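J.: Below are the structure tokens for one structure; questions will follow.
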Amino acid sequence: MNLQFVFMQLFNGLILGSLYVLLALGLSIIFGMLGIINFAHGAFFMLGAYAAYTITSYIIPDYWLALISVPILMAAFGSLCEIVLFRRLYDLPPLYIMLLTFGLMLVLQDAARLVFGSMGVPFGTPKSLTGMVNLGFMYYPSYRLFLIAVTSCAAFAVWLFLSKTKLGCIIRAGTDNPKMLEALGINISRTMTLVVGLGTGLAGLAGVLAAPIQNVRPLMGMDLLVDCFVVVVIGGMGSLGGSVVGGLIVGQIIAIGVMVWPPMANTLIYLFMAAFLLVRPRGLFGRESFHE
Amino acid sequence: MPRSQFLTLVTFFGLALVFPLVAPYEALATEILIFALLAMSYDLVLGYGGMLSFGHAAFFGIGAYTTGILLIRVFPSVPVALTGAICVSGLAAAFVGYASIRRHGIYFTMVTLAFAQMFYFIAFKWTGLTGGDDGLQGVPRPNIGPIDIHPEINLYYFILALVIVSMFIIVRVVNSPLGATLQALRENRNRAMSVGYNVDRFKLVAFVISGCFAGLAGGLYALLLNMVPLGSLHWTTSGEVVVMNITGGMATLFGPVVGAVSIILLRDIISNYTDAWSLFMGLIFMMAVFGFRDGIVGFFQNKIMPTAAKFLGQVFPKKH
């Protein structure tokens, strides 16, 4: 095993980790506010990739347009789901809204299969980002470096939004105590819509970014989703820092697993999670008895 | 066992005896029986224990693979294979349960799901043992003593006997002090703890019992199909079991059975017309959550029965 290959794998782990970070951030924000696991999150990711495909191959063949419009479209779609579906179930135990998102996942996936076929669609690397970059110690595809850069910016923007703006402050307060927020006269239902929109937008962004490097197919989100659950369990639910660190850790575990023992690469993260839970049940940055 | 539950069990048995005669085909009737058992085993966890596990497919799948592997590789005996399935699934449930029950609510769901996914990947990658993506092919159906279970109808009655015995045991468990404690934990965890119950241990016991029956259901599924599909381990199977519980009615004992019958029949009917079963399944899921939260059995108990009782009361007023 030469050093070049090791670096290559570590960078690929970083790519995978970036996607995990984006998805886990969305999951975590939605979880913090609604107290549910959004099973439809993987389907939102998949829809984002298909939306990018539709835009670039049928409307305007411009990746940059897709990169900007798809997250906005998906955010709108997520908000719509919140208004039409989720909102009706807030008074019930969280079990029901969780099952609703599971049903939504099945519907969206099968609808995508019926429309686009189960085999997946081709999606090339955008023209302006083809080629390799010389990093000094190795060559690496420039699109992949671009992906890492965009993810870092997005994660930073989310952090900035949640910690420095007034709206972000309201969202964080809502995560801790929605009832108190309502008592203070803040329109909590609009905040909920916004939060689901934000999370879905992030999933959509992950979808556009993943489209050129993954096969765009109906089930692409489903397998990634369970890995993201591992990410948030390791990072600690509802913690943004946990999502970032957890995502990077899980990405690296898979990359290293591929080097060491390829068939077990995916299994390793579950074993790691099991071991981790025994030592620190609440996750890296999770708070004790938060939303239990 | 309360009289009403005993009567329901007897009614179920009576209906099940003649069911293959009216079912579209015998294998479908058998499949319904198997999923009825699986759904009822899950009711112990969700309905009575209040634990939304998304990993029940693991125990079902592990039971199926254990049965298949034992029959193919080790010893062609159905009782041995099924006993093995129950034991191995129970062990797996003990392992998953031990690691996940210390977390509650959402965390519990995610951890069970992640463990189930782990088993899925192991079965997917360990091609030499499990056949990987193609599933485990060629599971035989050897005779059990003098009984030949090759004809579908014989297999049906053999499985019916096992399912009835299992259901009887599950009903006994639910009515035992353990079942009562579980319900107490579900309703008010803190109070149960302050009374002095070791909450986690009770939950674990229920989880393991449930895993054993799920494993038995899996073993029977391997016998029915003569193979084990990899999909039996996938987490969508767990979702299907959850929806059987919700549509039938949680914590009503026979609700999940009704749910399993409805879902499997519906799948059979819909798949005659379209392959978009998943889409319909998702819609059923969403409708169940929106409009049918008590499930079919709950609907009868809470809406139809009181109305009927009221109506009967008006027609035949009680004499004072």
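Order-wise, the sequence lines are chains A and B.
With the working numbering applied, the first sequence corresponds to residues 1 to 292, in that order.
With the working numbering applied, the second sequence corresponds to residues 1001 to 1320, in that order.
For glycine and all other residues, C-beta sits at the position ideal for the given N, C-alpha and C.
Keep in mind that this is a model prediction, so the values were computed, not measured.
Which residue marks the beginning of the beta strand (DSSP E) containing B/ASN1302, and which one marks its end?
T.: For the purposes of this step, residue 1302 of chain B is taken as residue 302 along the second sequence, with counting starting at 1. Premise fails: B/ASN1302 is in no beta strand (DSSP E) and is neither H nor E.
J.: Rounded to whole angstroms, what's the CA-CA distance from B/PHE1006 to A/GLY168? Just pull it up for me.
T.: Indexing the second sequence from 1 puts residue 1006 of chain B at position 6. Indexing the first sequence from 1 puts residue 168 of chain A at position 168. Distance between the alpha carbons of B/PHE1006 and A/GLY168: 57 Å.
J.: Give me the chain B residues within the contact set of A/ARG88, using Cβ-Cβ distance strictly less than 8 Å, ordered along the chain.
T.: Numbered from 1 along the first sequence, position 88 holds the residue referred to as residue 88 of chain A. Those within 8 Å of A/ARG88 in chain B are PHE1290.
J.: Taking the Cβ atom as the reference point for each residue, do B/PHE1254 and B/SER1041 lie within a distance shorter than 9 Å?
T.: Numbered from 1 along the second sequence, position 254 holds the residue referred to as residue 1254 of chain B. Numbered from 1 along the second sequence, position 41 holds the residue referred to as residue 1041 of chain B. Cβ distance not < 9 Å, so B/PHE1254 and B/SER1041 don't count as in contact.
J.: For a cutoff of 9 Å on Cβ pairs, would you count A/GLN313 as touching chain B?
T.: A question about residue 313 of chain A goes unanswered here, because the residues of chain A that appear run from 1 up to 292.
J.: Sort out for me which residues DSSP pairs B/VAL1228 with in a bridge.
T.: Here residue 1228 of chain B corresponds to residue number 228 of the second sequence, with the count starting at 1. B/VAL1228 pairs with B/LEU1136.
J.: Quick one: grab the DSSP three-state call for B/MET1001.
T.: Taking the first residue of the second sequence as position 1, residue 1001 of chain B is located at position 1. Three-state DSSP puts B/MET1001 in coil, outside helix and strand.
J.: How big is the Cα-Cα spacing for A/ILE83 and A/ALA75?
T.: Residue numbering aside, residue 83 of chain A sits at position 83 when the first sequence is read from its first letter. Residue numbering aside, residue 75 of chain A sits at position 75 when the first sequence is read from its first letter. Distance between the alpha carbons of A/ILE83 and A/ALA75: 12 Å.
J.: Please classify B/PRO1024 as buried or exposed, where buried requires at least 16 other C-beta atoms within 10 Å of its C-beta.
T.: The count along the second sequence starts at 1 and reaches residue 1024 of chain B at position 24. Classification of B/PRO1024: exposed, given that the 10 Å Cβ count is below 16.
J.: Terminal residues of the continuous alpha helix (DSSP H) containing B/VAL1174?
T.: In the second sequence, counting from the first residue as 1, residue 1174 of chain B sits at position 174. From DSSP, the alpha helix (DSSP H) with B/VAL1174 extends over 1152-1175.
J.: Do A/ALA154 and A/ALA43 have their CB atoms nearer than 9 Å?
T.: Sequence index remark: in the first sequence, residue 154 of chain A carries index 154 (1-based). Sequence index remark: in the first sequence, residue 43 of chain A carries index 43 (1-based). In terms of Cβ geometry, A/ALA154 and A/ALA43 do not form a close pair [threshold 9 Å].
J.: For B/ASN1226 and B/ALA1260, what's the separation of their Cα atoms in angstroms?
T.: Counted from its first residue, the second sequence places residue 1226 of chain B at position 226. Counted from its first residue, the second sequence places residue 1260 of chain B at position 260. Cα-Cα distance, rounded: 21 Å.
J.: Which bits of chain A does B/GLY1239 rub up against, with CB to CB less than 7 Å?
T.: For this step, residue 1239 of chain B is matched to residue 239 along the second sequence. Residues of chain A passing the Cβ test: PHE102.
J.: For the candidate residues B/ARG1103, B/VAL1045, B/PHE1060 and B/GLY1105, whose alpha-carbon lies nearest to that of B/ALA957?
T.: Shown here, chain B extends from 1001 to 1320; a query on residue 957 of chain B therefore has no answer.
J.: Are the beta-carbon atoms belonging to B/PHE1115 and B/ALA1058 less than 9 Å from one another?
T.: The residue labelled residue 1115 of chain B in the question sits at position 115 within the second sequence. The residue labelled residue 1058 of chain B in the question sits at position 58 within the second sequence. Yes. Within cutoff.
J.: Can you give the Cα-Cα distance for A/SER239 and A/MET273, rounded to whole angstroms?
T.: The sequence position of residue 239 of chain A within the first sequence is 239, counting from 1. The sequence position of residue 273 of chain A within the first sequence is 273, counting from 1. One C-alpha to the other measures close to 17 Å.
J.: Can you name the residues of chain A whose CB is closer than 9 Å to the CB of B/MET1110?
T.: Counted from its first residue, the second sequence places residue 1110 of chain B at position 110. The answer, in chain order, is ILE37, VAL226, PHE229, VAL230, VAL232, VAL233 and MET237.
J.: Name the chain C residues whose beta carbon is nearer than 7 Å to that of B/ARG1293?
T.: The chain labelled as chain C is not found among the protein chains of the depicted structure, namely A and B.
J.: I want to see whether chain B comes within less than 9 Å of A/ARG280, judged by CB atoms only; does it?
T.: As a working mapping, residue 280 of chain A is identified with position 280 in the first sequence. By this cut-off, A/ARG280 is not an interface position.
J.: Quick one: does B/LYS1203 have its CB under 9 Å from some CB of chain A?
T.: Locating residue 1203 of chain B in the second sequence gives position 203, counting from the first residue. It does not: the Cβ of B/LYS1203 has no partner Cβ on chain A nearer than 9 Å.
J.: For A/MET132, write down the residues that DSSP places opposite it in a beta bridge.
T.: Taking the first sequence and counting its residues from 1, one reaches residue 132 of chain A at position 132. Its beta-bridge partners are A/PRO141.
J.: Per DSSP, what are the beta-bridge partners of B/ILE1144 in this structure?
T.: Along the second sequence, one-based indexing puts residue 1144 of chain B at 144. Partner(s): B/ILE1147.
J.: Would you mind working out which of A/LEU73, A/ARG144 and A/LEU277 sits nearest A/LEU47, comparing C-alpha positions?
T.: One-based indexing of the first sequence puts residue 47 of chain A at position 47. Out of A/LEU73, A/ARG144 and A/LEU277, A/LEU73 has the C-alpha closest to the C-alpha of A/LEU47.
J.: Mind listing, in chain order, the continuous alpha helix (DSSP H) runs of no fewer than 4 residues lying wholly within the region 1178-1266 of chain B?
T.: 1189-1195, 1199-1225 and 1235-1248
J.: Are there 16 or more other CB atoms within 10 angstroms of the CB of A/THR130, so buried, or fewer, so exposed?
T.: Locating residue 130 of chain A in the first sequence gives position 130, where the first residue counts as 1. Result: exposed.
J.: Find the nearest neighbour of B/ASP1275 within the set A/LEU114, A/SER142, A/THR175 and A/ASN12, judged by alpha-carbon distance.
T.: Taking the first residue of the second sequence as position 1, residue 1275 of chain B is located at position 275. Of A/LEU114, A/SER142, A/THR175 and A/ASN12, the residue nearest in Cα terms is A/LEU114.
J.: Alpha carbons only, please: which of B/ARG1189, B/PHE1075, B/ILE1169 and B/ARG1103 is nearest the one belonging to B/LEU1009?
T.: Within the second sequence, residue 1009 of chain B is the residue found at index 9, counting from 1. Nearest C-alpha to B/LEU1009: B/ILE1169.
J.: Would you say the beta carbon of A/GLN109 comes nearer than 8 Å to a heavy atom of the ligand MN?
T.: Questions concerning the ligand MN fall outside what the structure shown contains, since it holds no ligand whatsoever.
J.: Spell out whether any CB of chain A is found under 9 Å from the CB atom of B/GLY1249.
T.: Within the second sequence, numbered from 1, the residue matching residue 1249 of chain B stands at position 249. Judged by the 9 Å Cβ criterion, B/GLY1249 is not in contact with chain A.
J.: Leaving aside the five residues before and after B/VAL1228 along the sequence, list all residues of the same chain whose C-beta is less than 7 Å from its C-beta, in chain order.
T.: One-based indexing of the second sequence puts residue 1228 of chain B at position 228. For B/VAL1228, where only same-chain residues beyond five positions count, the Cβ hits under 7 Å are ALA1064, TYR1065, GLY1068, GLY1135, LEU1136, VAL1139 and ALA1222.
J.: Between A/ILE170 and A/THR151, how many whole angstroms is the CB-CB distance? I'm expecting something under 8 Å.
T.: The sequence position of residue 170 of chain A within the first sequence is 170, counting from 1. The sequence position of residue 151 of chain A within the first sequence is 151, counting from 1. Incorrect: roughly 26 Å between the Cβ atoms, too far for contact.
J.: Taking the C-alpha atoms as reference points, what is the distance between A/ILE37 and B/GLY1291?
T.: Your numbering for residue 37 of chain A matches position 37 in the first sequence. Your numbering for residue 1291 of chain B matches position 291 in the second sequence. Computed Cα separation, rounded: 21 Å.
J.: Alpha helix (DSSP H) containing A/SER189: first to last residue?
T.: Here the question's residue 189 of chain A lines up with position 189 in the first sequence. 188-210 is the extent of the alpha helix (DSSP H) around A/SER189.
J.: For B/LYS1310 and B/ARG1003, what's the separation of their Cα atoms in angstroms?
T.: In the second sequence, the residue the question calls residue 1310 of chain B occupies position 310. In the second sequence, the residue the question calls residue 1003 of chain B occupies position 3. Those two C-alpha atoms are separated by around 23 Å.
J.: Between the alpha carbons of B/GLY1179 and B/ALA1085, how many angstroms are there, rounded?
T.: Here residue 1179 of chain B is taken as the residue at index 179 of the second sequence, counted from 1. Here residue 1085 of chain B is taken as the residue at index 85 of the second sequence, counted from 1. B/GLY1179 and B/ALA1085: Cα-Cα distance of roughly 24 Å.
J.: With a cut-off of 9 Å, does the C-beta of B/ARG1172 fall near any C-beta of chain A?
T.: Locating residue 1172 of chain B in the second sequence gives position 172, counting from the first residue. No, no contact with chain A.
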